[in-house]
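Written below as structure tokens is the structure these notes are about.
Numbering (full-length UniProt numbering), first residue to last: 1 to 336.
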């Protein structure tokens, strides 16, 4: 599919990945409608930080992904939908699992049902590497068993399977993109990389973290955004699940040391019990097999390996350390 000439909707455009994706779509000259979460402040989330030329080019619609009528209206006249709107914080899913069902599963259903009725040409459903649970084999291919170790992961499995069922049952043109641990500017500091960076940038030398042993496949947001675009453009990805990751495994502890190195800081790590997941809920190992993305559309990470991780962390740390950005975060409080 050629995205040129297509009207594109991005749900969750106000969020971390969604705002980066929305900006890139506009930069490429596409016609973009941004669906943001309604609030009484008329805030567009991270899109408020976008350059004026980006904001001027956007059509912004505020609403709630749980509102079937509102989402269908937002999808009218859009040929392509990037569906990113979701609750994503794993710790908060322990407190409010019902909200994850309503938002992540029912919200996705509203997108899929509207697409079926409107004849939408392409839906890109956003998954997560958390659906795999702790790796049984590495690197993890798309055929790896699914194992929800948190209510969040369970809700994303439900949403993914619903999307694929619409493809099988109604030929709804859905492609499922499964990003591994995306990081970069604008990410919530509930995530481990911003949590480390913001604590160091605010002058702390005793850094409070959860478990240090789990490994992750960290993927810089620019690579993730490029993955979204290439999945959308690839006809062979319809009806498929595609991993997007750096194909590099690193522990949380080593990641913290790399961040301290690129920021030129000395630090001491202490365990914060409230940041530690329940034992059976901790995903101990994630490492993406990206062979399918290479085969289908030639996608490879530009921020690959340890050197790529260092480069991405350096860019991320530079953004967070900017006083205008750092003041947006409550670094003295743990954020679920």
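Glycine included, every Cβ here is placed at the ideal spot set by N, Cα and C.
* Those residues which DSSP pairs with residue 271 across a bridge -> In the chain shown, counting from the first residue as 1, residue 271 sits at position 271. In DSSP, residue 271 forms a bridge with 209.
* To do: Write down the C-beta distance between residue 237 and residue 296 rounded to the nearest angstrom, noting that I regard them as a contact closer than 8 Å.
  => Residue 237 sits at position 237 when you count from the first residue of the chain shown. Residue 296 sits at position 296 when you count from the first residue of the chain shown. Right, the Cβ-Cβ distance comes to about 6 Å (below 8 Å), so this counts as a contact.
* Expressed to the nearest angstrom, what Euclidean distance is found between the alpha-carbon atoms of residue 265 and residue 174? -> Working through the chain shown from its first residue, we reach residue 265 at position 265. Working through the chain shown from its first residue, we reach residue 174 at position 174. Distance between the alpha carbons of residue 265 and residue 174 is about 45 Å.
* Whose C-beta lies closer than 8 Å to the C-beta of residue 233 among residues of the same chain, with five residues either side of it excluded? -> For this step, residue 233 is matched to residue 233 along the chain shown. For residue 233, where only same-chain residues beyond five positions count, the Cβ hits under 8 Å are 1, 2, 3, 297.
* Where residue 309 falls: helix, strand or coil (DSSP) -> Counted from its first residue, the chain shown places residue 309 at position 309. Residue 309: helix per DSSP, three-state reduction.
* How is residue 83 classed by DSSP in three states: helix, strand or coil? -> Indexing the chain shown from 1 puts residue 83 at position 83. Note: residue 83 maps to strand in three-state DSSP.
* In the DSSP assignment, find the alpha helix (DSSP H) that holds residue 135 and state where it starts and stops. => Start at 1 with the first residue of the chain shown, and residue 135 comes out as number 135. Unbroken run through residue 135: none, as it is neither H nor E.
* **Which listed residue (317, 93, 179, 160) has its alpha carbon closest to that of residue 339** => Lying before the first or after the last residue shown, residue 339 is absent from the chain, which here runs from 1 to 336.
* Alpha-carbon spacing of residue 77 relative to residue 255, whole angstroms -> In the chain shown, the residue the question calls residue 77 occupies position 77. In the chain shown, the residue the question calls residue 255 occupies position 255. C-alpha separation (whole angstroms): 44 Å.
* Residues bridged to residue 291 [DSSP beta-bridge criterion] -> The residue you call residue 291 lines up with position 291 of the chain shown. None; residue 291 has no bridge partner.
* Asked: Taking buried to mean at least 16 other C-beta atoms within 10 Å of its own C-beta, is residue 302 buried or exposed?
  -> Within the chain shown, the letter at position 302 stands for residue 302. Its Cβ having fewer than 16 others within 10 Å, residue 302 is exposed.
* Compare the C-alpha of residue 292 against each of 325, 215, 140, 209 and name the closest. => As a first step, residue 292 must be located in the chain shown, where it is residue number 292. Selected option, being the one with the closest Cα: 140.
* To do: Name, in chain order, the residues that DSSP records as bridge partners for residue 27.
  => Locating residue 27 in the chain shown gives position 27, where the first residue counts as 1. DSSP lists no partner for residue 27.
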